[in-house]
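Each remark here refers to the structure printed beneath this line.
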Amino acid sequence: MNKKVQFFYLAFFLLLPFSVFAQVFPISNGTINTCTGSFVDSGDGGNYGDNENYVFTICSDGTGGNSHISMVFNPLDISPEDVLCFYDGDDTSAPLIDCNDNLSNYGVAFLIQATAVNNSGCITVSFQSDDSGNSSGWAASINCVQQCQTIVSTIVNSVPAISPPDTGWIDICPYDVVQFQGAGLYPQDGIIYSHSDNTSSFEWNFGDGTTALGPNVQHQYTDPGGYIVQLTITDVIGCTNTNFISQRIRVSGPPTFSFTDDLNSVICIGDTIQVNTTVNDTDADIVIEPNPYTFQPGGTVADSVCIPDGDGNVYTSSLEIYDFNPGQTLASINDLLGICVNIEHSWMKDLEIIITCPSGNSVILHDIDGIGEEVLLGYPNQNDNACGNPNNVGVGADYCWTPTATNGTWNQSINLANNNGGQLPPGDYSSFEDLTNLLGCQLNGEWVISIRDYWDIDDGVIFSWSLELNQNIFPNLEVYEPTIISQSWIDDPSMLVNTPDSMIA
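The sequence shown finishes on residue 487 if you use our numbering, and the numbering steps up by one all the way, no holes.
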């Protein structure tokens, strides 16, 4: 099909970027009304000062009819002598929510939200520092929600079990299956409305780009590495839980086997050989060394965002990251390893795809080019109507935009290949706009990918997308090393003696 004749009638339209630059609010004495932006310490998410004493109130500006403040914080970096506290109201006489001496112990992102009994919808923050030096402080994204009753998501049981039960890990091997049983706690049930597990929905994010629905789920991890599991509970009026379960999964990988010089390289028929093995001991003939692994740097989200055909609306999917120091920014473009999508679409040149960082900077990854023949992304179902009929969804392929790509942009790659039709090969590509426009972006917060389909007849789906960052810039990237708990030889008729750590054959 050749539907692009209509493009020539619109050759001179102006394409405006659709980005919103978020405002930053450093702590001070006073009150603000907002539903967007970032709340940071007096050093703009850097080092705060000595002898500070602030009371700061954040209230909703009513955007979208939402009345209550909700803030997602990256892990705090506050001196033990300094005190940061949160109150559920418009001054410090309101009920205390929590202080940093408890929140800092989490070592993970956390959420502070005005509760349903707080009719003001405001959060008041008090902060005091002494004169003994200071730390990096904090940074949080500000949002507004409706008057929600508190929900706390919990893992009731897992197989294998969490060890230790309160703050531990689930340790498995590749292709093992983990079972989760989730539940919600509803301490404010009945204050404004009734809610319970029976009227709520459960969505699990397994940290590897896959999700599942329901209170009881299971998932198979195939690749070695560390993964963070989150559970989102949404109640009957659309309110979600006010905590992150951040359950850590450690998947082991194979060890390394090294042969020493003491092992004969030439063995004749009839010879007898003795081989000794050990873990991390170079005196043995075969040394077994466990390999270290890290938790996944960056993030992956599997939203299955449907891209409706030619309606010109913006469809977005967001990925929240809170693993960095307050105020930490993207300082080198080489630390951005790639922005990747798994997508199927039956007309690549229909699309505009944009990435927006937490600071509001936007980059057009792929720009529309309505001229030419059909170019496929992935393996789409040519019946189209993927948004209206799940049976018409095709199969996605992986495409990345990287600073080091040797391919041009999507459109350039098709034109250079003198191939105005066919499939765009999966792989790494250059961005339409320079990725260096993301330099200086805050790393903590919400990264958003936005998609527009400008022309009719074709549609598609983004199944997942990811932001991949250099693991060396993560300040507290967790590293673990599997423990070898047993070893044995595979028996063979040639063996004369066979023990776990040696054999003669």
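Note that CB positions come from ideal geometry on N, CA and C, so glycine has one too.
Please report how far the alpha carbon of residue i lies from the alpha carbon of residue j, in whole angstroms.
{"i": "E271", "j": "V211", "result": "28 Å"}
{"i": "I335", "j": "E326", "result": "14 Å"}
{"i": "S123", "j": "A91", "result": "11 Å"}
{"i": "Q469", "j": "T149", "result": "29 Å"}
{"i": "T45", "j": "S314", "result": "35 Å"}
{"i": "L406", "j": "G376", "result": "15 Å"}
{"i": "Y436", "j": "V357", "result": "15 Å"}
{"i": "H201", "j": "N33", "result": "50 Å"}
{"i": "V479", "j": "I472", "result": "12 Å"}
{"i": "T260", "j": "S484", "result": "9 Å"}
{"i": "E63", "j": "Y30", "result": "13 Å"}
{"i": "E450", "j": "V107", "result": "34 Å"}
{"i": "I486", "j": "G390", "result": "58 Å"}
{"i": "L347", "j": "W429", "result": "14 Å"}
{"i": "A98", "j": "Q128", "result": "9 Å"}
{"i": "D83", "j": "L359", "result": "50 Å"}
{"i": "N116", "j": "C81", "result": "17 Å"}
{"i": "D253", "j": "P237", "result": "29 Å"}
{"i": "L319", "j": "S412", "result": "12 Å"}
{"i": "S395", "j": "G409", "result": "11 Å"}
{"i": "D26", "j": "N125", "result": "18 Å"}
According to DSSP, simplified to helix, strand and coil, what is residue i?
{"i": "G360", "result": "coil"}
{"i": "D179", "result": "helix"}
{"i": "T418", "result": "helix"}
{"i": "W392", "result": "helix"}
{"i": "T386", "result": "coil"}
{"i": "M330", "result": "helix"}
{"i": "I144", "result": "coil"}
{"i": "N343", "result": "coil"}
{"i": "N35", "result": "strand"}
{"i": "F3", "result": "For F3, the predicted structure reports a pLDDT of 43, less than 50, and the residue's modelled location is therefore unreliable. The matter cannot be settled from this model."}
{"i": "Q170", "result": "coil"}
{"i": "I350", "result": "coil"}
{"i": "S51", "result": "Here residue 51 is Ile; the residue named in the question, Ser, does not match the sequence. Strand at I51."}
{"i": "N316", "result": "helix"}
{"i": "I455", "result": "helix"}
The alpha helix (DSSP H) that contains residue i, what's its start and end?
{"i": "N82", "result": "82 to 85"}
I think residue i touches residue j, with their Cβ atoms under 8 Å apart; what is that distance to the nearest whole Å?
{"i": "A165", "j": "V138", "result": "5 Å"}
{"i": "Q424", "j": "C339", "result": "7 Å"}
{"i": "S299", "j": "I94", "result": "So it is not a contact: roughly 25 Å between Cβ atoms."}
Does residue i pass the burial test, meaning 16 or more other C-beta atoms within 10 Å, or should it be called exposed?
{"i": "E415", "result": "buried"}
{"i": "D244", "result": "exposed"}
{"i": "N295", "result": "exposed"}
{"i": "N273", "result": "exposed"}
{"i": "T76", "result": "Thr is not the amino acid found at residue 76; the sequence shown has Ala there. With 16 or more other Cβ atoms within 10 Å, it is buried."}
{"i": "L78", "result": "exposed"}
{"i": "V248", "result": "exposed"}
{"i": "L195", "result": "exposed"}
{"i": "V269", "result": "buried"}
{"i": "G47", "result": "exposed"}
{"i": "F239", "result": "exposed"}
{"i": "V345", "result": "buried"}
{"i": "V159", "result": "exposed"}
{"i": "V323", "result": "buried"}
Just curious, the beta strand (DSSP E) that residue i is in, first and last residue?
{"i": "W471", "result": "Unbroken run through W471: none, as it is neither H nor E."}
{"i": "C221", "result": "Taken as a continuous stretch (DSSP letters only), C221 belongs to no beta strand (DSSP E), as it is neither H nor E."}
{"i": "N480", "result": "479 to 481"}
{"i": "V233", "result": "229 to 233"}
{"i": "V65", "result": "65 to 69"}
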